[in-house]
Each structure stands twice: as structure tokens, then as C-alpha cells.
Amino acid sequence: MSKEKQQNIEAITNMEEDFAKWYTDVIMKAELADYSPIKGFMVIRPYGFAIWENIKNAYDKRFKETGHENMYFPLLIPESLLKKEAEHVEGFAPEVAWVTHGGDNELTERYCVRPTSETIICSMYAKWLHTWRQLPFLYNQWCNVVRWEKTTRPFLRTSEFLWQEGHTLHETEPEAQAETMQMLEIYRQVAEEYLAVPMVVGQKSEKEKFAGAHATYTMEALMHDGQALQSGTSHNLGQHFTKAFDIMYTNRQGEREHPYHTSWGISTRLIGAVIMVHGDNSGLMLPPKIAPIQVVIVPIAQHKEGVLDHAYALKDTLGELRVKIDDSDAYSPGWKFSQWEMKGVPLRIEIGPKDIQNEKCVFVRRDTGEKFDVLLKDVAQTAREMLEEIQKNMLVRATKMRDEKTQVAHSIDETIEKLKANPGFIKAMWCGSRECEDKLKELTGTSIRCIPFEQENIGSDQCICCGQSPSQMVYLARAY
RNA sequence: CGGGGUGUGGCUCAGCUUGGUAGAGCGCUUGGUUCGGGACCAAGAGGCCGGAGGUUCAAAUCCUCUCACUCCGACCA
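Just remember that my numbering sits 21 ahead of the position in the first sequence, which is counted from 1.
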């Protein structure tokens, strides 16, 4: 065991020593992504993209089940459109990329590469919507967006990223609010059921909300190093954009009216969350439901008669699962073990001459490291059960980790002290003022991650900053 | 955008102070022996030292500029 640890330290940086380096080491060694020739832009490698596809499919299924259809809008947005909603352009203009030339000719109007698509989508919705009978509009697109970031990190913040953006229109404000909540809830459910990442859900403060939103709701996850990661947002945009873009329809009373609007998004950032919530010093650890390879079979002494035959037979037995046989003869079994642990494969099956004699094989769990013998006739069922068990256990473990890193504080000093001893979420009371929010940021380095829907009595009703009451409970944390 | 760090075979780095024929380990290729936690032996291939200028008989090494990556802050999904 100590030998194993030493070897792993050689392979990747120890996460307790340097979490940031550990994170990029895992991405590189597990072959999830790589740096591209363009600053801030990353290449998502096949293994990383397969994870994204699994995440995407899980969400896309839920979107469709709730009546949404996919569509696709152009990459470029004319400057005039971007400028139509004042808060929105103010929020995004500093970080958009501009296209100024077509071939050698300068364009009469420059186009921005979409940082998000509210504006161009609204411009089209204005054309399409005529009557209340067409509502609601329940559309989504999977695409890339570009935000010219100052500093970037693979998956967490890149100048280009993949995401989905849902854009819906509704007859009434309550319907739009219900949609906003429904999508946030879907975000949370899939994050927990598939990614095994527990989320705190709630509302963003005025300061933190989306540029142009009436209200922004968020799910926040806590990483292994105690920093929070905004993992998905759902916006009730009210009529801000529909008025700015002159989207009007004739309502049931025969009057002209602006519809109510929502938008919501999750991105490849979720992969960063999976890495930083579940990973350990052996590398990545993937929840079975999104793992591109759920089971890896490593034959032992594969040159000996019958070993490979049994390995292939095992793969057939595991038909519906995503199974890989590592039958490369270039590496020793020990090397393969480490390699597939690095890549986060949830379950490893070893089969060698001794096993075949005893009509069994060896299962090794990535989450606990446990090894045990399984009779060959039981492999299919045991593997299925084991993957379910691993999936559940990963959520339980991640929840436990988050809870251990969640503390209550009643003063700024207490916040600083507690975060120093144990970085993570702080539950605290906040009066709702921007002054206190800014002061909190300045003095503690934390931001208000959200005002959770689940309010708790933490033994005080007074703002942690100014002492006023009533106040509401918020989650504070340093954030990515 | 402010502050720090780093750029030399695929990777990690030495060499730079004091200019003088590019090095190591790992990885890779081939052959053989191995195979239950990162195996071993042998023989090979692979780099005009991030880029551009400058100084010099001579630059990985000195000077100027620049680019990239990375960390910490501010800003953001």
C-alpha cells in the first residue's frame, strides 16, 4: 500500500500538496483534454469528449421528456442585436470576440462570436411568435460559445466551451418561473443521479445574477479543496429581452403582449466538477453512469493458454455494459492497473490462470479499492450490481465530504477562522444589501454562492456583517 | 488586467553564473525473457535549446523585444 502510494505520487501531483497541479495532471494523464495552439482554448480529447457525450445524453433525454426541442442558431451575432438589452451588453461586451472582416473586406457591421444566444434567438422569436396558441416556446440548443477570459483552466474556464442553452417563452410570469425552477431541478437531479455530485440549489444575489435577468437560480457544488463551483444556472428573464426585442403576440383577450422568457445552461464545466469532487491521488474517478468505460478487463499472464479466451468470454457476458479488454502485450498488469485507475474506470476485472482453474475472477472497485473473488457464472449480475453500488456510494461519499466542509458562522472573524481551518461552505445570515455583500467579499475572500431554497435556523437572525434582521441564510464560499 | 514562476528530444529536468562540437532519466521502436500492483536485458531512433532581433570570430548561455503555459489576485459558467 505504501509502495503504491509512492508510485502514484510520482505519476501525478499529490492533491493535498497542490490541488491545482493535481487537477491539471489528472486531465493530462487521463487524456481528457489538452492545450491548443490558441491561448485559453482547449482540445477535448476522445476520452474527455465521451464523458461529455454521456452527460449531454442524460440531460438531453430529460429536456425532451419535459417537452423541449433542439434547434441551432448561428455562431455570430451582429453588434446591433447584442446592444439591444442594456444590462446584457454591459455584462458581456468586455469578453466577446469580434469578427470584423469577411475575407479581405471589412464588414460594415462587426459580429460577435456568441457568448450566449439570448439576443439572436430573441430576434428570431420576434418573427415567429404571433399568437398565444403557439406558446410556450420550449427550445434548446447544444453549441459552443466564446468568452474571452483573462485566465483560463481546462474545463473550469476556457475561452470557448461547449454547453446547452435553453430559451423558452411563456404566456405568464408564473409559468416562466415554473419553467425556470423545473429546469434547475432537472439540472440538480441529473447532477446527483449521473455525476454523483451533490448540489446546493438556490437563488443568486442581485450582484451575481445573469446580465439582463429578472432572477438567476443556480446549483453549486463543493470541490475537494473547499472551493465552490457554479455548475448550472437557470434564469427567469421576465420581459427584459422580450420587450427589448419587441417580441409580441396576441393573447387570449385579443391584446398585444410581451411573453415571459427563461434561459438555462450547463456546460463542459461539469466535467471539472466530476474531476474535483471524485478524483483522488490515483487520478480520475468516474461515476459508472457517465464513464466511457465502465469495466476494464485486465488479463493476467495473457500469453498462457485460455486466458485471453476467457477474457473475451467475460466481455460477451457483460454485453450491455461499456467494457474494454486491455489485451496489450506491451505493459505489465501492474502498469495497466494504475493506468485504468488514472482514467477513473469504476470497475476492474482481473482474470488469470489461477482464476480460470477455480472458475472465478477478481473484481476491484475504483471507489474503495476493495478486491474480491467472483465466480465466473455470477460475473454479469455481480458487475451490474457493483456498478449501481459504486454509483450510489460515490454520491454518498461526495455528500459526506461536502457536509464535512460545510460550517456555520455568525461573524466575519468566525468565517475567516473556520475557513482557514476547514475550507468549504459557510452558512451565514445576510441582510440582502450590496454593501454587506461587497464587504464580505473583501474581508473573507468569499462570495455569496446562493440563497438556498432550503432555509435553516442557524441560531441567529442577524446579518453576519451589519447585524440587521431579518436576514436570510446564504452559502458563502470561495469559488472557481 | 496586476504580481510571481517556467519555456532545452514525447515527458521531467541538467547545462546558462564564467559564450567554444547539445546531456540524463523516463517514454518510444525492434528482438528476447516476463506477467496477481507501474518488470528485465540488449540494440536503436529522436532536439539547430519557445520566437524575432542584437552583441560576438563564436550564443541554449549575454542584451532587447515578443509569444505561450502556469500559479496567486481582480473578473466571469
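Virtual Cβ for every residue (Gly too), placed ideally from N, Cα, C.
The three-state reading of DSSP puts residue 398 in helix, counting H, G and I together.
Beta-bridge partners of residue 449 (DSSP): 495.
Within the same chain, 279, 280 and 282 come within 6 Å of residue 263 by CB-CB distance, once the 5 residues on both sides are set aside.
In summary, residue 464 is exposed, with fewer than 16 beta-carbon neighbours lying within 10 Å of its beta-carbon over all protein chains present. Inclusion of residue 117 and residue 95 in the CB contact set at 8 Å is not warranted, their separation being larger than that value. Inclusion of residue 415 and residue 217 in the CB contact set at 8 Å is warranted, their separation being smaller than that value.
One alpha carbon belongs to residue 443, the other to residue 155, and they sit about 52 Å apart. Out of 188, 45 and 363, the CA that lies nearest to the CA of residue 84 is found in 188.
Nearest C-alpha to residue 207 among 390, 232, 64 and 88: 88. If you ignore the 5 residues before and after residue 223, its C-beta comes within less than 6 Å of the C-beta of 471, 472, 473 and 474, all in its own chain and listed in chain order. Assignment of residue 146 by DSSP, reduced to helix, strand and coil, places it in the helix class. In this structure, the alpha-carbon of residue 385 lies about 18 Å from that of residue 310. Distances from the CA of residue 152 to each of 394, 47, 328 and 192 were compared; the closest alpha carbon is that of 192. Shortest Cα-Cα distance from residue 269 to any of 42, 492, 99 and 150 involves 150. In the three-state DSSP reduction, residue 414 falls in the helix class (H, G or I).
Boundaries of the alpha helix (DSSP H) harbouring residue 196: 194–214, taken from the DSSP string.
The alpha carbon of residue 120 has as its nearest neighbour, out of 195, 126 and 131, the alpha carbon of 131. Residue pairing from DSSP places residue 122 in a beta bridge opposite 127. Note that the segment 447–454 does not touch the segment 242–250; fewer than 3 beta-carbon pairs, one per stretch, sit closer than 8 Å. If you ignore the 5 residues before and after residue 259, its C-beta comes within less than 6 Å of the C-beta of 235, all in its own chain and listed in chain order.
By the Cβ neighbour-count rule, residue 426 is buried, with 16 or more other Cβ atoms within 10 Å of its own. Secondary structure of residue 104 (DSSP, three-state): coil. Rounded to whole angstroms, the Cβ separation of residue 186 and residue 162 is 6 Å, and the two are in contact under 8 Å. About 5 Å separates the beta carbon of residue 252 from that of residue 240, a gap short enough to meet the 8 Å contact definition. By the criterion of a C-beta distance shorter than 7 Å, residue 362 is surrounded in its chain by 303, 304 and 387, once the five residues flanking it on both sides are discounted. Secondary structure at residue 367: coil, using DSSP grouped into helix, strand and coil. Taking a 10 Å sphere around the C-beta of residue 286, we find 16 or more other C-beta atoms and assign the residue as buried. Residue range 455–465 is occupied by the alpha helix (DSSP H) that includes residue 460.
In chain order, 428 and 430 place their CB closer than 6 Å to the CB of residue 439, counting only its own chain and leaving out the 5 sequence neighbours on each side. In this structure residue 486 is in contact with residue 433, their Cβ atoms being roughly 7 Å apart against a cut-off of 8 Å. Exposed is the label assigned to residue 195, since fewer than 16 other Cβ atoms lie within 10 Å of its Cβ. A distance below 8 Å separates the beta carbons of residue 79 and residue 211.
Shown here, residue 238 sits in a strand according to DSSP, grouped into three states. With a threshold of 16 other beta carbon atoms within 10 Å, residue 396 falls short and is exposed.
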